[in-house]
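Participant: 213 is the number that UniProt numbering gives the last residue of the sequence shown; the numbers go up by one with no jumps. For every residue, glycine included, the Cβ atom is placed at its ideal position computed from N, Cα and C. Model, not experiment: these values are computed from the prediction.
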Amino acid sequence: MVTYTDFTSSFPLHDIFMIFFSEAPETGPHVFYMTCQDECELWWSPGDTPDNRKRIILVPFGVILDVKANEWEKSATQISSPVHLCSGEFYFMQAVMKAGKNPYDHLSVGVRQPSGQKHRPILNVDLFYEIPEKRSASFLLVQKDTSLVGHVMNSLTVSNMECSLYCARDKTCQSYNYYNEPGICELNSETRANNAERLVPSIAADYYEKLQP
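Next up, the structure:
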């Protein structure tokens, strides 16, 4: 098994087939980039299944020669037309590379967000090998310096009585500690598979615990 830190891969003289679910961090038109050696395609679906997927990038054999892994705009064929994504939604993506005789094969996918920020390649935080579970719950204010016990959440809600946490299944769990004074939630992470049990808040921080049904 290979673990990736971003949307990139490199295996000499091998064809590469990669499937991911990408979570859009912003709403609006996104432009995708692709760099590879020797031929590659990028497919995108408007939903979280392969249904209605379409090819948005094709880099044919011979169009770009000896392109390096960090060369994203050597040819117009490496850049997609704008694709509209909605923040928080998951999209099925598929990248395919066919190896030629070049011993330095590689494949990477990048994105330019509506804000203009570029991630080339796409960061691991926005990629999933499966769609995370989504659940919801209410939280009740408890005492300081205790542990948060509960299931995974899918949204962050800040009010006088609620705060949420999020954890991708089998990924790093993340809790949000609520501060009464500034009225914000601060991220606190703990590596824990399958659930978000025993997430300890920051020092002297009030936070919210899941209400029992």
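By DSSP, does ALA76 sit in helix, in strand, or in coil?
Facilitator: Walking along the sequence shown from the start, residue 76 turns up at place 76. Helix.
Participant: Under a Cβ-count criterion, where at least 16 other Cβ atoms within 10 Å of its own Cβ denotes burial, should THR49 be classed as buried or exposed?
Facilitator: As a first step, residue 49 must be located in the sequence shown, where it is residue number 49. Result: exposed.
Participant: Tell me which same chain residues have a C-beta within less than 7 Å of the C-beta of GLU181, skipping the five on either side of it?
Facilitator: Position 181 of the sequence shown, counted from the start, is the residue given in the question as residue 181. For GLU181, the predicted structure reports a pLDDT of 34, less than 50, and the residue's modelled location is therefore unreliable. A value from the coordinates is still provided. Excluding positions up to five away in sequence, the list is empty.
Participant: Under a three-way DSSP split, which group does VAL67 fall into?
Facilitator: Here residue 67 refers to the residue found at position 67 of the sequence shown. In this structure, VAL67 counts as coil in the three-state DSSP scheme.
Participant: Taking C-alpha atoms, which residue in VAL125, ASN70, LYS54 lies nearest to LEU107?
Facilitator: Taking the sequence shown and counting its residues from 1, one reaches residue 107 at position 107. Checking every option, the nearest Cα to that of LEU107 belongs to ASN70.
Participant: What are the residues that DSSP puts in a beta bridge with residue 238?
Facilitator: Residue coverage of the chain in this structure runs from 1 to 213, which leaves residue 238 outside it and unanswerable.
Participant: Taking the beta strand (DSSP E) that ARG112 falls in, what are its first and last residues?
Facilitator: As a working mapping, residue 112 is identified with position 112 in the sequence shown. Unbroken beta strand (DSSP E) run through ARG112: 106-112.
Participant: Report all residues from its chain with a CB closer than 7 Å to the CB of SER45; omit the five preceding and five following residues, and keep chain order.
Facilitator: Position 45 of the sequence shown, counting from 1, holds the residue named residue 45. Around SER45: ASP51, ASN52, ARG53, TYR91, PHE92.
Participant: Can you find the residues in the same chain that come closer than 8 Å, C-beta to C-beta, to LYS98, ignoring five residues on each side of it along the sequence?
Facilitator: For the purposes of this step, residue 98 is taken as the residue at position 98 of the sequence shown. For LYS98, where only same-chain residues beyond five positions count, the Cβ hits under 8 Å are ASP15, ASP38, GLU39, CYS40, PHE61.
Participant: Look at the alpha carbon of PHE21 and the alpha carbon of THR77, and state the distance between them as a whole number of angstroms.
Facilitator: Position 21 of the sequence shown holds residue 21. Position 77 of the sequence shown holds residue 77. Between PHE21 and THR77, the C-alpha separation is close to 23 Å.
Participant: Using DSSP bridges, identify the partner residues of ILE16.
Facilitator: For the purposes of this step, residue 16 is taken as residue 16 along the sequence shown, with counting starting at 1. In DSSP, ILE16 forms a bridge with MET97.
Participant: Going straight from the alpha carbon of CYS86 to that of LEU127, what length do you get?
Facilitator: Position 86 of the sequence shown holds residue 86. Position 127 of the sequence shown holds residue 127. C-alpha separation (whole angstroms): 15 Å.
Participant: Residues in the same chain with beta-carbon distance under 6 Å from ILE57, minus the five sequence neighbours each way, listed in chain order, please.
Facilitator: Taking the first residue of the sequence shown as position 1, residue 57 is located at position 57. Correct list, in chain order: MET34, LEU42, SER80.
Participant: Apart from the five residues just before and just after THR27, which ones in its own chain have a Cβ nearer than 6 Å to its Cβ?
Facilitator: Within the sequence shown, numbered from 1, the residue matching residue 27 stands at position 27. Within the same chain, THR27 has close Cβ partners CYS86, SER87.
Participant: Ordered along the chain, which non-local residues of its own chain (more than five positions away) have a Cβ less than 8 Å from that of GLN113?
Facilitator: Within the sequence shown, residue 113 is the residue found at index 113, counting from 1. Answer for GLN113: PRO25, GLU26, GLY28, HIS30, HIS119, listed in chain order.
Participant: Does ASP105 pass the burial test, meaning 16 or more other C-beta atoms within 10 Å, or should it be called exposed?
Facilitator: Taking the first residue of the sequence shown as position 1, residue 105 is located at position 105. Buried.
Participant: Cα separation between residue 266 and GLY47?
Facilitator: Outside the displayed span of the chain (1 to 213) sits residue 266, for which this structure offers no information.
Participant: Measure the Cβ-Cβ separation of PHE32 and VAL96 and say whether it is below 8 Å.
Facilitator: The sequence position of residue 32 within the sequence shown is 32, counting from 1. The sequence position of residue 96 within the sequence shown is 96, counting from 1. Against a cut-off of 8 Å, the Cβ pair of VAL96 and PHE32 comes out as no contact.
Participant: Would you list the one or two residues that DSSP bridges to ILE131?
Facilitator: Position 131 of the sequence shown, counted from the first residue, corresponds to residue 131. DSSP lists no partner for ILE131.
Participant: Pull up the DSSP beta-bridge partners for GLY47, would you.
Facilitator: For the purposes of this step, residue 47 is identified with residue 47 of the sequence shown, where counting begins at 1. According to DSSP, GLY47 bridges with nothing at all.
Participant: Residues bridged to VAL83 by DSSP?
Facilitator: Position 83 of the sequence shown, counted from the first residue, corresponds to residue 83. For VAL83, which the question treats as bridged, DSSP gives the partners HIS30.
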